[in-house]
Amino acid sequence: MSRLGEYLIKARGKLSQREAAKRIGISHTYLGKIENGKDPRTGKEIKPTPETLKLISKAYQCDYEELMIKAGYIDESETSNSESPKLTQYQRKIYEWAKSHDGLFFDSKPEDVEELIEEFEVVYELFKKRKEREKKQNK
17 MSRLGEYLIK
27 ARGKLSQREA
37 AKRIGISHTY
47 LGKIENGKDP
57 RTGKEIKPTP
67 ETLKLISKAY
77 QCDYEELMIK
87 AGYIDESETS
97 NSESPKLTQY
107 QRKIYEWAKS
117 HDGLFFDSKP
127 EDVEELIEEF
137 EVVYELFKKR
147 KEREKKQNK
């Protein structure tokens, strides 16, 4: 089994291959081949396209760059330096949003990114609690 296959099985969790494939938008047989890393008829290695990996990253809510590394499209040594924090898909969205707003400019130092994400996580927790209170009040 390939590194990508192991990663995908873990990311899929308790979802069946059929359900996961439906969410991704591919056939369950193709997902099985990707997870196994080989085509059972030919024995040849299966390497999904970057477009397929993008669909998988959205469906599994996992990092696209990580999938590209595991599939062999990106060399790990070419990725952003190892001192910078690994970001989840949502954390990356926060980071990209912050970069696009002039008032939130920072030098993209790892500690700045981590601090920004921590602040958003605090705000998210407060938002979640407020929604729970509103839900209880509306019952």
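Numbering of the sequence shown is given in the numbering used here, commencing with residue 17 and proceeding in unit increments. Think of the CB as a built atom: it goes at the ideal place given N, C-alpha and C, for glycine as much as any other residue. Since this is a predicted model, take the numbers as computed values, not measurements.
So the candidates are Q77, T58, E51 and G59; which of them puts its Cα closest to the Cα of L20? Indexing the sequence shown from 1 puts residue 20 at position 4. Nearest option by C-alpha distance: E51.
Compare the Cα-Cα distances from E61 to each of L71, C78, Y46 and R28 and report the closest residue. Here residue 61 refers to the residue found at position 45 of the sequence shown. The residue with the shortest Cα to Cα distance from E61 is Y46.
Which of helix, strand or coil DSSP assigns to K60: Residue numbering aside, residue 60 sits at position 44 when the sequence shown is read from its first letter. Here K60 sits in coil by DSSP.
Looking at the structure shown, is K54 part of a helix, part of a strand, or coil, going by DSSP? For the purposes of this step, residue 54 is identified with residue 38 of the sequence shown, where counting begins at 1. In this structure, K54 counts as strand in the three-state DSSP scheme.
Contact between the stretch 23-40 and the stretch 75-86: three or more CB pairs below 8 Å? yes
Less than 6 Å between C-beta atoms, sequence neighbours within five positions excluded: which residues of the same chain meet that for R34? Numbered from its first residue, the sequence shown carries residue 34 at position 18. Only H44 meet the Cβ criterion.
Enumerate in chain order the residues of its own chain whose CB-to-CB distance from G53 is below 8 Å, with the five nearest sequence positions on each side excluded. Position 37 of the sequence shown, counted from the start, is the residue given in the question as residue 53. Around G53: M17, S18, L20, G21, E61 and I62.
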